[in-house]
Amino acid sequence: MLHVAVPNPIHKVKHLKLLFFSHGGLVPPLHQRSPSSLTHQKLAMAKQFIPLSSSILVAVISLFLVSTFVPGVGSIGVNYGTVANNLPPPPQVAHFLLESTVINRVKLYDANPDILKAFAHTGIAVTVTVPNDQIPRLTKLNFARQWVEDNVQPYTPATNIVRILVGNEVITTADKMLIGNLVPAMQTLHTALVAASLDRRIQVSTPHSLGVLSNSSPPSSGKFRLGYDIHVLKPLLSFLRATKSPFMINPYPFFGCSPDTLDYALFRPNAGVLDENTGLLYTNMLDAQLDAVFSAMKVLGFDDLEIVIAETGWPSMGDSTQVGVDANVASEYNGNLKRHVSSGAGTPLMPNRTFETYIFALFNEDLK
């Protein structure tokens with residue numbers, strides 16, 4: 025039986041392209057390719073190109089088209105980053121997601137006003153983010169109220185803002201000031217939402233990398249990092265429970281993958297990995313990662329909280345020496361991921377559950 029440790033990546037590899045859409049660069053647009061060149065592409069790849077405008081072609085992983093989705097099962101979202109100079113206008117993006125995909129949630133890394141306006145009256149659930157550098161100021165109630173007044177109230181309820189994230193992967197920045205201010209900032213922001221009568225509509229949370237774990241293998245032995253567990257994560261989890269908000273995690277099976285474990289990471293048939301403590305068999309790495317997080321939460325007494333997958337994905341391009349890094353494999357991962365998290369099977373330690381999941385990422389951001 026193969027035994028694999030669950031990885032704890034703290035920083036994502038920047039040169040890898042993890043994307044849901046590729047805007048110019050993955051392969052040439054259809055109108056620039058000759059019929060003969062198309063014969064060298066799989067038909068499925070050709071179907072991935074959907075025009076958003078006369079000058080823009082966006083490569084869409086075909087599994088997310090409406091025809092491939094079972095309505096009412098699961099909740100699939102996408103991360104919408106904007107660190108690029110070649111993106112289509114937000115209204116076109118919002119219209120495309122609404123009309124041509126099964127995406128019903130979008131997560132932003134800021135509170136971009138143009139994007140928030142574009143998603144008005146679409147019904148798509150939008151998550152916005154307070155950037156890391158604003159966390160210390162967010163502990164002040166006046167600043168928190170002003171942030172809500174400027175970035176939320178002008179757009180809701182027309183735009184379905186459902187969650188505000190305070191920073192991203194704050195604990196693994198190792199910035200003591202940010203980490204120390206994280207929970208107070210979340211509490212103050214929630215107080216500002218209460219004052220605006222928005223607390224029942226909008227949750228407050230924060231996403232974490234798997235670097236918050238000190239141990240992750242086997243999954244039943246998952247534990248949070250010593251020091252952060254009691255002083256940061258326990259009060260954070262208490263806040264999430266009190267406000268009925270989810271614990272959010274960014275699991276990336278790719279970063280724990282080797283040629284020997286590629287099938288395990290991609291949800292393909294494989295021999296599985298046995299947790300000898302529980303006797304439970306894991307047939308994919310994502311389940312092992314999620315259960316390691318669940319076990320760490322259980323140690324602190326918070327196994328009742330919902331877990332949301334805030335980021336996950338697979339690179340569509342990278343170094344030629346890397347195994348399993350291409351658009352077809354990325355599409356396979358996303359397709360298998362969607363089916364798995366929406367199936368209701370859950371994980372070995374969390375059976376009969378679905379997971380709200382956000383694919384990374386909507387665009388290939390060329391300025392990252």
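Each residue of the sequence shown is one higher than the one before, counting from 25 in our numbering. By construction, the Cβ of each residue, glycine as well, lies at the ideal position given by its N, Cα and C atoms.
- Between leucine 122 and isoleucine 148, the C-beta gap is smaller than 8 Å, which places the two residues in contact.
- The region 180 to 197 makes contact with the region 147 to 166, as at least three CB pairs between them are under 8 Å.
- In this model, aspartate 223 and alanine 334 are separated by some 21 Å (Cα to Cα).
- Rounded to whole angstroms, the Cβ separation of asparagine 136 and asparagine 192 is 15 Å, and the two are not in contact under 8 Å.
- Within the DSSP bridge table, the entry for lysine 131 names Asn103 and Thr151 as partners.
- With contacts defined by Cβ atoms closer than 8 Å, leucine 250 and serine 238 form a contacting pair.
- Beta-bridge partners of histidine 232 (DSSP): Ile273.
- Looking from the CA of leucine 234, the closest CA among Thr196, Lys200, Asp138 and Ser340 belongs to Thr196.
- Within its own chain, the residues whose Cβ lies closer than 8 Å to the Cβ of leucine 165, once the five positions on either side in sequence are excluded, are Thr212, Thr215 and Ala216, listed in chain order.
- By the neighbour-count criterion, in which a residue is buried when 16 or more other Cβ atoms sit within 10 angstroms of its Cβ, threonine 336 is buried.
- Between alanine 142 and alanine 118, the alpha-carbon positions lie close to 6 Å from each other.
- Of the candidates Leu286, Pro181 and Gly246, the residue whose Cα lies closest to the Cα of valine 323 is Gly246.
- With a 10 Å radius around the Cβ and a threshold of 16 neighbouring Cβ atoms, serine 229 comes out buried.
- Aspartate 299 carries a strand assignment under DSSP once its states are collapsed to helix, strand and coil.
- For leucine 304, the enclosing beta strand (DSSP E) starts and ends at 304 to 306.
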